[in-house]
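Numbering (this note's numbering), first residue to last: 51 to 481. Every residue gets a Cβ at the ideal spot worked out from N, C-alpha and C, and that includes glycine. It should be emphasised that the depicted structure is a prediction, and the values quoted were computed from it without experimental measurement.
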């Protein structure tokens, strides 16, 4: 059964098909035919752009649902052509909402099309980077959990891992794993930062909580794992360091299970298995482990946690990703070397418009990906005043419902099929 997320959806057959989107024919840098002129938009390169020979063309937007349109684009670069897909979402429209799509557990993955189908989204793109490999820690289970914070339907699901433990391209100066793109209850999108604030209080002392359902904990910290984590081993939480994801796994560890406010189990090492509702598993490393070893069976323990935003206004959803555009310009220090397929979320019209974009991974005909810097320039040309980089490469996935209400993958993932991912941004419509 599809999760409606507070929206009653009426399934209708739309008189919109993929064939309704047609490319204008570009002749000598102009659009051939007056009928097609309206179907293609031309944008000049940003004044500061180092790729002045690029050319951007877009198809006319096609209505997918009230307040939601779809179009395609071509970005011609000196080394080839990048093709992509763009969703424009009017967040001010009373029939539109956006939320985080995620599997049943934080430590799990699923294809974007499956997440959209199961949760009733009319369109979606893949979200944050995630724990995809543990080649540097043989025998340690891969969690599939995302790098940054997650908020879905107003619920905080997890916090951000330390900066040095992340997956993805290099962060630009000033960026953190706590950076998110969020949608508030005011129906506005914004770039923000979500920091975990929490404590573990007992007769032995009060200690800061440094993690919530995270695949990696800060050195010396204590992390909490709830029923939302799932059944995957928690061993990965004590591997790596704050600056080196590939560093070894600590042996100075401890785990304590608290059920309905009392300690019911203690262990020397992180365990695995589902966590019962009403229970919280605390995992500590180094100094955090020493603190947890002071707790005894039957002892009362009070655990509190929340994700605190820098900007005012409660967030309905949030997905991790680092900023690439602020105030209409690419941020400084973006990578200009690595070329791959990219996914991005942009913000326009003072937060009232959300732009969801994925570059197509189809090979051939000089098809190319983008550097992070080129991604930022593209998003500004598509109209974004602010934008964030989401997971790319084989994870880049862009889906919409077709005319019959079935979810269709619009792009061509580079792996030849959809890659299961940690989360996605889903668009919902009352229709």
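For residue 247, no alpha helix (DSSP H) encloses it; the enclosing beta strand (DSSP E) starts and ends at 239-252.
In the DSSP assignment, residue 270 falls outside any alpha helix (DSSP H) and carries neither an H nor an E. In the structure shown, residue 130 falls within a strand segment according to DSSP collapsed to helix, strand and coil.
Taken through DSSP and simplified to helix, strand or coil, residue 310 comes out as coil. Residue 407 has its alpha-carbon roughly 29 Å from the corresponding atom of residue 266.
Short of 7 Å from the beta carbon of residue 423, and not among the five residues preceding or following it, lie these beta carbons of its own chain, in chain order: 380, 384, 385 and 386. Secondary structure of residue 122 (DSSP, three-state): strand. Collapsing the DSSP output to three states places residue 339 in a helix. Beta-carbon to beta-carbon, residue 441 and residue 363 are separated by about 26 Å, too far to satisfy the 8 Å threshold. For the beta strand (DSSP E) assignment, the uninterrupted runs of no fewer than 3 residues enclosed by the stretch 383-424 are, from N- to C-terminal side, 393-398 and 403-409.
The Cβ atoms of residue 177 and residue 366 lie no closer than 8 Å to each other.
Taking a cut-off of 8 Å for Cβ pairs, the stretch 340-355 and the stretch 245-255 touch, as three or more such pairs fall below it. With 16 or more other CB atoms across the displayed protein chains lying within 10 angstroms of its CB, residue 275 is buried.
Distance check between residue 173 and each of 405, 463, 418 and 428 places 405 closest, using alpha-carbon atoms only. Residue pairing by DSSP puts residue 372 in a beta bridge opposite 439. Boundaries for residue 164: no beta strand (DSSP E) harbours it, while the alpha helix (DSSP H) harbouring it runs 162-169, taken from the DSSP string.
In the DSSP assignment, residue 208 falls within the unbroken beta strand (DSSP E) covering 205-208.
Burial check for residue 355: the Cβ neighbour count within 10 Å reaches 16 or more, so the residue is buried. Taking a C-beta distance under 8 Å as the contact criterion, residue 333 and residue 284 qualify as a contact pair. In the structure shown, residue 468 adopts coil according to DSSP, grouped into three states.
Three or more beta-carbon pairs separated by less than 8 Å are not found between the stretch 237-244 and the stretch 286-304, which leaves the two stretches without contact. Pairing residue 199 with residue 302 gives a Cβ-Cβ distance that is not under 8 Å.
If you ignore the 5 residues before and after residue 428, its C-beta comes within less than 7 Å of the C-beta of 125 and 420, all in its own chain and listed in chain order. In terms of CA proximity to residue 418, 133 leads the group 118, 109, 133 and 112.
Judged by DSSP in its simplified three-state form, residue 290 adopts coil rather than helix or strand.
A direct Cα-to-Cα measurement between residue 196 and residue 298 gives close to 20 Å. In the structure shown, residue 227 falls within a coil segment according to DSSP collapsed to helix, strand and coil.
Spatial neighbours of residue 432 in its own chain (CB-CB distance under 7 Å, excluding positions within 5 residues in sequence) are listed in chain order as 136, 396, 405 and 407. The residue among 314, 152, 400 and 160 with its C-alpha nearest the C-alpha of residue 434 is 400. Taking 8 Å as the upper bound for CB-CB distance, residue 207 and residue 152 are in contact here, some 7 Å apart. Sequence-distant Cβ neighbours of residue 465 in its own chain, meaning closer than 6 Å and more than five residues away, are 444. Around the beta carbon of residue 183, fewer than 16 other beta carbons sit within 10 angstroms, so the residue counts as exposed. A check of alpha carbon separations from residue 202 across 169, 325 and 214 identifies 169 as the nearest. Just so you know, the alpha carbons of residue 166 and residue 472 end up roughly 13 Å apart. Cβ-Cβ distances below 6 Å link residue 248 to 259, 354 and 355 in the same chain, with the five nearest sequence neighbours on each side left out; the list follows chain order.
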